[in-house]
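Residue numbers (the working numbering): 2 to 173. Cβ coordinates follow ideal geometry from the N, Cα and C atoms, glycine included. Structure, as structure tokens:
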């Protein structure tokens with residue numbers, strides 16, 4: 002219940018802004034090796050070969066998660082030198098996207114239940130793509146229907162602007 006209280010702040014939004022450093026810590030807890038010099042995402046390590054063979058990455062998301070995907074595009078292209086497309090899941094699902102079996106689709110959703118993102122995942126799966134999910138809600142649909150993925154572990158969000166989820170999605 003403590004997470005759902007304003008904790009002395011006049012608004013939930015302000016509280017959640019000031020929780021950003023904790024969000025990064027929570028998101029990375031257990032994902033940094035003992036020496037503190039290497040980030041370890043088990044979902045990436047477990048599927049390293051498949052991810053390294055990717056022809057390209059396609060990020061599908063809606064709203065704030067789509068904006069996090071734009072930052073992910075910059076990071077992946079800069080560090081991995083693999084092309085990345087970022088698509089609104091609501092548009093992706095209604096056109097006939099060119100998806101290959103050697104593509105990796107990254108689906109991002111705070112709730113793990115965004116209908117358009119779920120539909121985009123199903124479409125990409127039908128075309129044989131490998132699906133990596135990023136979400137906050139443990140037990141939601143996205144972790145159940147993707148090949149692998151990562152939770153962002155930022156807790157509930159009350160403010161309308163999705164500050165904590167955005168920070169967690171960019172961090173992962």
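### Query
Of the choices 164, 121, 114, whose alpha-carbon is the least far from that of residue 15?
On the chain shown, residue 15 is found 14 positions in, with the first residue counted as 1. Residue 164 is the option with its Cα nearest to residue 15.
### Query
Rounded to a whole number of angstroms, what is the C-alpha to C-alpha distance between residue 97 and residue 30?
Residue mapping note: residue 97 aligns to position 96 of the chain shown, counting from 1. Residue mapping note: residue 30 aligns to position 29 of the chain shown, counting from 1. Roughly 39 Å between the two C-alpha positions.
### Task
Whole angstroms is fine: what's the gap from residue 50's alpha carbon to residue 20's?
As a working mapping, residue 50 is identified with position 49 in the chain shown. As a working mapping, residue 20 is identified with position 19 in the chain shown. Answer to the nearest angstrom: the Cα atoms are 36 Å apart.
### Burial state of residue 81, where buried means 16 or more other Cβ atoms lie within 10 Å
Counting from 1 along the chain shown, the entry for residue 81 is found at position 80. Result: exposed.
### Task
For residue 25, collect the residues of the same chain with a Cβ closer than 7 Å to its Cβ; drop the 5 residues on either side in sequence, then sort them by chain order.
What you label residue 25 is simply residue 24 of the chain shown in a count that begins at 1. Once the five neighbours on either side are set aside, the close Cβ partners of residue 25 are 168, 172.
### Task
Please state if the CB of residue 157 and the CB of residue 150 are separated by a distance shorter than 8 Å.
The sequence position of residue 150 within the chain shown is 149, counting from 1. The sequence position of residue 157 within the chain shown is 156, counting from 1. No. Outside cutoff.
### Query
In the stretch 104-128, which residue ranges form an unbroken alpha helix (DSSP H) of at least 4 residues, counting only runs that do not cross its ends?
116-127
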